[in-house]
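In this note's numbering, the protein residues as written are 76 to 269.
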């Protein structure tokens, strides 16, 4: 079902208030529907892994079928071997014998983190200084803040989720939901007559 069939007249631009209401409904609907859909998607995982682990079964995959025709295949993912250095000293000696070693000099990560936390922009000089000592910290770049990040946060008011769902169930959001695909349970069908 879709709200496309409600009215096909062009939609006027949403007011900011309507856009905010549509946004919170979408978030709430997604938070409630997606976990239920994810549960359905994951329904095959447990039984397929159990069949794979069963020594009497050689099942590695199962087809999903519609009217006896395979439409998709679920397959147990098998990890490949990976390798890691377990003895750093032995491997370094091996690399050194082949001329494949290097010396890296850099600031300790803990020192770098501490200096970045203590860094402060000095408006008078345009330099980055240590806020504790006033000493100029060379090599640090300022990335000015105070600008929108591009994301918007949502914080529900007490009773807000219930109010939005009540409005949805009463049909008060129908005009905002035009074009949104809905996922109701499939209606019962009449048996086909021959």
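Just so you know, even glycine gets a beta-carbon here, dropped at the ideal spot from N, CA and C.
Can you tell me where the alpha helix (DSSP H) holding residue i begins and where it ends?
i           : result
residue 98  : 91-116
residue 172 : 163-172
residue 232 : Segment: none, residue 232 is in no alpha helix (DSSP H) and carries neither H nor E.
What does residue i pair with, by DSSP beta-bridge criteria?
i           : result
residue 226 : DSSP, once it has assigned bridges, lists no residue as partnering residue 226.
residue 205 : 194
residue 160 : Residue 160 pairs with nothing; no bridge assigned.
residue 211 : 204
Can residue i and residue j be called in contact, C-beta distance under 8 Å?
i           : j           : result
residue 251 : residue 97  : yes
residue 170 : residue 178 : no
residue 212 : residue 194 : yes
residue 99  : residue 227 : no
residue 103 : residue 236 : yes
Going by DSSP, what residue range makes up the beta strand (DSSP E) through residue i?
i           : result
residue 148 : 144-150
residue 196 : 194-197
residue 140 : 136-141
Compare the C-alpha of residue i against each of the options and name the closest.
i           : options               : result
residue 125 : 184, 205, 194 and 137 : 137
residue 214 : 232, 202, 120 and 221 : 202
residue 197 : 187, 146, 121 and 210 : 210
If you drop the 5 nearest sequence neighbours on each side, which residues of the same chain put their C-beta closer than 7 Å to that of residue i?
i           : result
residue 135 : 127, 150 and 151
For residue i, which residues in the same chain have their Cβ closer than 8 Å to its Cβ, ignoring the five residues on either side in sequence?
i           : result
residue 93  : 251
residue 199 : none
Residues in the same chain with beta-carbon distance under 6 Å from residue i, minus the five sequence neighbours each way, listed in chain order, please.
i           : result
residue 166 : 160
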